[in-house]
Amino acid sequence: MEEIEEVEEDFSNLLVWIEEIGENIGAKKQLFRNESITADVHALPPPAKQMQVFEIPVENLRLYCLVLNKHVVFLFNGHLPH
759 MEEIEEVEED FSNLLVWIEE IGENIGAKKQ LFRNESITAD VHALPPPAKQ
809 MQVFEIPVEN LRLYCLVLNK HVVFLFNGHL PH
């Protein structure tokens, strides 16, 4: 239960990011973390610099995704970073 409470705010903020990207900004590359050198795998939340600009902090949760274009993003599983 403690882990759920730990990421509850981060989960809510990830949903805010998804809504912001989907409804207002579009899936721009700078809004996603690059998670692989050899593949086109990204993650939310964005890099810290982008989180500061939009003031939507996420610290303890990652959501992996594949950005197909500015309108289509496939969301995959996530995890707690170590």
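Its first residue numbered 759, the sequence shown is counted upward by one per residue in the numbering used here.
Cβ coordinates follow ideal geometry from the N, Cα and C atoms, glycine included.
- Assigned with DSSP and collapsed to three states, G780 falls in helix.
- Distance from the Cα of K786 is smallest, within the candidate group E777, F834, V825, N835, for V825.
- With contacts defined by Cβ atoms closer than 8 angstroms, W775 and L819 do not form a contacting pair.
- From the listed residues N782, F832, E778, the smallest Cα separation to L821 is found for F832.
- Residues N771, V774, W775, E778, P803 of the same chain have their beta carbon placed closer than 8 angstroms to that of I814, with the five preceding and five following residues left out of the count.
- Annotation for A801: the continuous beta strand (DSSP E) segment containing it runs 800-802.
- Apart from the 5 residues on each side of it in sequence, D768 sits with its Cβ closer than 7 angstroms to the Cβ of V816, E817, N818, L819 in its chain, given in chain order.
- Annotation for V811: the continuous alpha helix (DSSP H) segment containing it runs 806-812.
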